[in-house]
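Novice:
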Amino acid sequence: MTHTVLLIQPAAAKATRTYYDYESVPEMVDGFCQLYEQRLRLQDPARQQVEYGLGDLNRFIDDLFDCDVLTYDEATRSYKPHNKAWLKEQCYRQLKARAKPVNETRPGV
């Protein structure tokens, strides 16, 4: 497990700065996706189910005024900074790993 800190500033105002603390990178990606899902629910409370694609998630990341991730490096005993591009890559890897191939979703194929 790699201690991970997600730093987010949604708007230019410094008062919007916040952080989230996670025990691992996969846990951070899950938490980040939940933040996006909460935003979607706030935009359309009548929606029963929230659906989005990787492109939508990437646009959300791009629209944040600032977003960085710090991961703890055991070897150096320090935190390594990562930018939005790294976060996008981590989201892509994790969501891709969870996606089932098309032939596994259809019975008898």
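Numbering-wise (my numbering), the sequence shown opens with residue 5 and increments by one. Using N, Cα and C, we set each Cβ at its ideal position, and we do this for glycine too.
Starting from the C-beta of residue 26, find all residues in its chain whose C-beta is less than 8 Å away, skip the five residues before and the five after it, and write them out in chain order.
Specialist: Excluding positions up to five away in sequence, the list reads 7, 8, 9, 10, 32, 35.
Novice: Would residue 96 pass as a contact of residue 58 if the rule is Cβ separation under 8 Å?
Specialist: yes
Novice: Should the segment 86-100 be regarded as contacting the segment 60-74, the criterion being three or more beta carbon pairs within less than 8 Å?
Specialist: yes
Novice: Are there 16 or more other CB atoms within 10 angstroms of the CB of residue 91, so buried, or fewer, so exposed?
Specialist: buried
Novice: Any idea if residue 29 is buried or exposed, counting beta-carbon neighbours within 10 angstroms, 16 or more meaning buried?
Specialist: buried
Novice: Would you list the residues sitting across from residue 1 in a DSSP beta bridge?
Specialist: The structure shown has nothing for residue 1, since the chain only spans 5 to 113.
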